[in-house]
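Protein chains: 2
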Amino acid sequence: MSLSQPSTQSRVKVKSFLTGLQDDICKGLENIDGEGTFQEESWERPEGGGGRSRVMREGRIFEQGGVNFSEVHGEELPPSILNQRPEAKGHKWFATGTSMVLHPRNPYIPTVHLNYRYFEAGPVWWFGGGADLTPYYPYLKDTRHFHKIHQEACDSINPKLHKVFKPWCDEYFFLKHRNESRGVGGIFFDYQDGSGKLYKGQNPNGLSSIASKELGEYKLSWEDLFSLAKACGNAFLPSYIPIIEKRHNQTFSDRERNFQLYRRGRYVEFNLVWDRGTIFGLQTNGRTESILMSLPPLARWEYGFKAPPESRESLLTDVFTKPQEWFTDESLEEKCRPHHAVD
Amino acid sequence: MSLSQPSTQSRVKVKSFLTGLQDDICKGLENIDGEGTFQEESWERPEGGGGRSRVMREGRIFEQGGVNFSEVHGEELPPSILNQRPEAKGHKWFATGTSMVLHPRNPYIPTVHLNYRYFEAGPVWWFGGGADLTPYYPYLKDTRHFHKIHQEACDSINPKLHKVFKPWCDEYFFLKHRNESRGVGGIFFDYQDGSGKLYKGQNPNGLSSIASKELGEYKLSWEDLFSLAKACGNAFLPSYIPIIEKRHNQTFSDRERNFQLYRRGRYVEFNLVWDRGTIFGLQTNGRTESILMSLPPLARWEYGFKAPPESRESLLTDVFTKPQEWFTDESLEEKCRPHHAVD
Chain A
4 MSLSQPSTQS RVKVKSFLTG LQDDICKGLE NIDGEGTFQE ESWERPEGGG
54 GRSRVMREGR IFEQGGVNFS EVHGEELPPS ILNQRPEAKG HKWFATGTSM
104 VLHPRNPYIP TVHLNYRYFE AGPVWWFGGG ADLTPYYPYL KDTRHFHKIH
154 QEACDSINPK LHKVFKPWCD EYFFLKHRNE SRGVGGIFFD YQDGSGKLYK
204 GQNPNGLSSI ASKELGEYKL SWEDLFSLAK ACGNAFLPSY IPIIEKRHNQ
254 TFSDRERNFQ LYRRGRYVEF NLVWDRGTIF GLQTNGRTES ILMSLPPLAR
304 WEYGFKAPPE SRESLLTDVF TKPQEWFTDE SLEEKCRPHH AVD
Chain R
4 MSLSQPSTQS RVKVKSFLTG LQDDICKGLE NIDGEGTFQE ESWERPEGGG
54 GRSRVMREGR IFEQGGVNFS EVHGEELPPS ILNQRPEAKG HKWFATGTSM
104 VLHPRNPYIP TVHLNYRYFE AGPVWWFGGG ADLTPYYPYL KDTRHFHKIH
154 QEACDSINPK LHKVFKPWCD EYFFLKHRNE SRGVGGIFFD YQDGSGKLYK
204 GQNPNGLSSI ASKELGEYKL SWEDLFSLAK ACGNAFLPSY IPIIEKRHNQ
254 TFSDRERNFQ LYRRGRYVEF NLVWDRGTIF GLQTNGRTES ILMSLPPLAR
304 WEYGFKAPPE SRESLLTDVF TKPQEWFTDE SLEEKCRPHH AVD
């Protein structure tokens, strides 16, 4: 594999973007919340590096929100990553990222997650990241909006990318033990070094892998991929703020609140059982409080719960926690209309 | 390794004990609850076998409680177990167990877990199990009582066993990412086939391993180990019911409730991140609802929470979530007395 070179000052450039992204997102979220503010805590990692964690609690819109920046380095990457990137063996590594999870109070506003990260280790470097939306009482137009803004961000670099990154997201944020997607997805990519193959996930027969193979050799420069991370990161606020604006005045009762808390249990299950980043962090002496900032402030489990057939709640499990072609599948509107869940 | 033979009719005998244990425990718990009753659901496993799940919700004492019996079989054990028991390779397997987790409403009553199980696969068989207590507002005497009853059960088979099974429990129910024990422990054993070595865990330098080595070769028959499982299983009600009786009338406020919900988050973390049985079940197509019956009905996370120094809550984290010599360490009383947490 011949890699293109990273830009000179690559680490400085990416770090500057990622801290700026954290700043912009926090500002945008404080602005729309109107009451809550982020509390910042800086921390150092004994083995090298550190971070800047910001948490909002009990805001008007956000019951809890965390936006974390970190920049860490070490002597050698752990085996789980070296398996994917054997060329990094024996080299010092550097990793930086900004991640975010928001748990809104109103069940009509979806939970949302974002993460963009960059690694260097000896001769190799790569970008990874994405954003995905987890509604409780979903609306088709909200879902399409979130996807559209992220598709446009991908398209601004190259119009072929979204065909790989959208199904990759569906594949990654999947709870096998529930046979459910975490939510309506978004975009996800990892190990992007521009060397020719876009899909680097675990499922050679999945839609993302197939789309990637159809593209054939596909070289991208470091600058292309940095631009991709910037475009996608900057897409977050315009992808999400309009959903808040549209939904935050919708009233809800105990029924919606209880269902939201129940579904938040699934968020906990995904993060603790399946999310590679979370498990890796917890098992390798990461900063626990920052890693688990993604967990909801309150969650509920109920043995054997099933949403009543034909209910608004079963629309979530029947339609919005399965991978879908959100833009082109015309049956989606029909399924949503009886529940007033189109717009 | 030369194994003693299992009893004739071994599966029938163990199954009869384990279903009886489920019955006895459910009866005892319904009796003390006075209002809640267990709802039973029988299920079949497509690959072979099935189970009988029983759940109590919103009782007087128990906010939620689950007691599950299962008896499953298959063509070959999964790699994670074959690593421990290579002799089982290529053989059909049989496994049966009764497991229980209780989440009481009152924060002065501890959460408690029990599991006893039995495996056969070709030439090998083994018993496993244990019980452990997770208080929120602990009392030294309650803790000692729970340990004493379980020690007596072990001693009734052989007075050396408890020295191995008590530290093994501390070692297993440990949250590495929090550097905390799940609670005050109890007893735990696994892969018990009587062939000479008691400790079969992961830490050759731990207290359990050391105690096991000091014992030297230690043969036990199938009947001995079956008697052990019976004695320990039957010890559960007398180990726990007196704690309920003593605590259930203690009043509590939002402060205690909030701390209980926060600490229940740790229970979720242990079960989903570290518990081998849970992870194994979820990743291998087990019955999700029965496996996750252990999760609390409601749990809370709070970024950066620390119990105030010298508080009743910090007594939990300073003393009762670290392995202790509950019977012999005289400093424990001094630590508990200022908090009225001795008796």
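Residue numbers (the numbering used here), protein chains in the order written: chain A, 4 to 346; chain R, 4 to 346. The C-beta atom is built at its ideal place from N, Cα and C for all residues, glycine as well.
How should residue i be labelled, buried or exposed, when 16 other C-beta atoms within 10 angstroms of its C-beta is the threshold for buried?
{"i": "R:Val115", "result": "buried"}
{"i": "R:Ser349", "result": "For chain R, the structure presents residues 4 to 346; residue 349 of chain R sits outside this window and is missing."}
{"i": "A:Ser2", "result": "Outside the modelled stretch of chain A, which goes from 4 to 346, sits residue 2 of chain A, for which no answer is possible."}
{"i": "R:Val104", "result": "buried"}
{"i": "R:Asp346", "result": "exposed"}
{"i": "A:Glu292", "result": "buried"}
{"i": "A:Met4", "result": "Confidence in A:Met4 is poor, its pLDDT being 48 and thus under 50, which makes the residue's placement too unreliable to answer from."}
{"i": "A:Arg258", "result": "exposed"}
{"i": "R:Asn109", "result": "buried"}
{"i": "A:Gln253", "result": "exposed"}
{"i": "A:Gly219", "result": "exposed"}
{"i": "R:Glu316", "result": "buried"}
{"i": "A:Pro49", "result": "exposed"}
{"i": "A:Glu217", "result": "exposed"}
{"i": "A:Gln205", "result": "exposed"}
{"i": "A:Ser334", "result": "exposed"}
{"i": "R:Val15", "result": "exposed"}
{"i": "R:Pro9", "result": "buried"}
{"i": "A:Thr146", "result": "buried"}
Helix or strand or just coil, what does DSSP make of residue i?
{"i": "R:Tyr243", "result": "helix"}
{"i": "A:Thr137", "result": "strand"}
{"i": "R:Arg281", "result": "The sequence as given places Thr at residue 281 of chain R; Arg does not occur at that position. In this structure, R:Thr281 counts as helix in the three-state DSSP scheme."}
{"i": "R:Gly209", "result": "coil"}
{"i": "A:Gly131", "result": "strand"}
{"i": "R:Gln8", "result": "coil"}
{"i": "A:Val276", "result": "helix"}
If I measure Cβ to Cβ from residue i and keep anything under 8 Å in the same chain, skipping five residues before and after, which residues do I get?
{"i": "R:Ser83", "result": "Arg279, Phe283"}
{"i": "R:His76", "result": "Gly51, Gly52, Lys95, Trp96, Phe97, Ala98"}
{"i": "A:His150", "result": "Lys169, Val187, Gly188, Gly189, Trp329, Phe330"}
{"i": "A:His148", "result": "Ser242, Pro245, Ile246"}
{"i": "R:Leu318", "result": "Pro141, Lys338, Cys339, His342, Ala344"}
Tell me residue i's beta-bridge partners as DSSP assigns them.
{"i": "R:Thr101", "result": "R:Phe72, R:Tyr119"}
{"i": "R:Thr254", "result": "Bridge partners of R:Thr254: none, in fact."}
{"i": "A:Tyr221", "result": "A:Gly199"}
{"i": "A:Ala124", "result": "A:Trp96, A:Val127"}
{"i": "R:Pro107", "result": "R:Phe65"}
Output needed for residue i: all residues of its chain with C-beta closer than 6 Å, excluding positions within five of it in sequence on either side, in chain order.
{"i": "A:Pro113", "result": "Leu136, Thr137, Pro138"}
{"i": "R:Tyr175", "result": "Phe191"}
{"i": "A:Cys339", "result": "Leu143, Val345"}
{"i": "R:Ala156", "result": "Ala234, Cys235, Ala238"}
{"i": "R:Ser297", "result": "Val104, Asn274"}
{"i": "R:Leu164", "result": "Cys157"}
{"i": "A:Leu240", "result": "Gly31"}
{"i": "A:Ser230", "result": "Ile160"}
{"i": "R:Ala124", "result": "Leu80, Ala91, His94, Trp96"}
{"i": "A:Gly23", "result": "none"}
{"i": "R:Phe2", "result": "Outside the modelled stretch of chain R, which goes from 4 to 346, sits residue 2 of chain R, for which no answer is possible."}
Please list, in chain order, all residues of the same chain as residue i whose beta carbon is under 7 Å from its beta carbon, the five residues on each side excluded.
{"i": "A:Glu66", "result": "His106, Pro107, Arg108, Pro300"}
{"i": "R:Tyr265", "result": "Arg303, Glu305, Phe308"}
{"i": "R:Glu44", "result": "Ser56"}
| Of all the alpha helix (DSSP H) runs that stay within the bounds of the stretch 10 to 98 of chain R, which reach a length of 4 or more residues? | 13 to 36, 82 to 85
| field | Any alpha helix (DSSP H) of 4 or more consecutive residues that is wholly inside the stretch 143 to 201 of chain A | value | 143 to 160, 165 to 175
| query | In the stretch 284 to 346 of chain A, which residue ranges form an unbroken beta strand (DSSP E) of at least 3 residues, counting only runs that do not cross its ends? | reply | Complete beta strand (DSSP E) runs here, min 3: 301 to 303.
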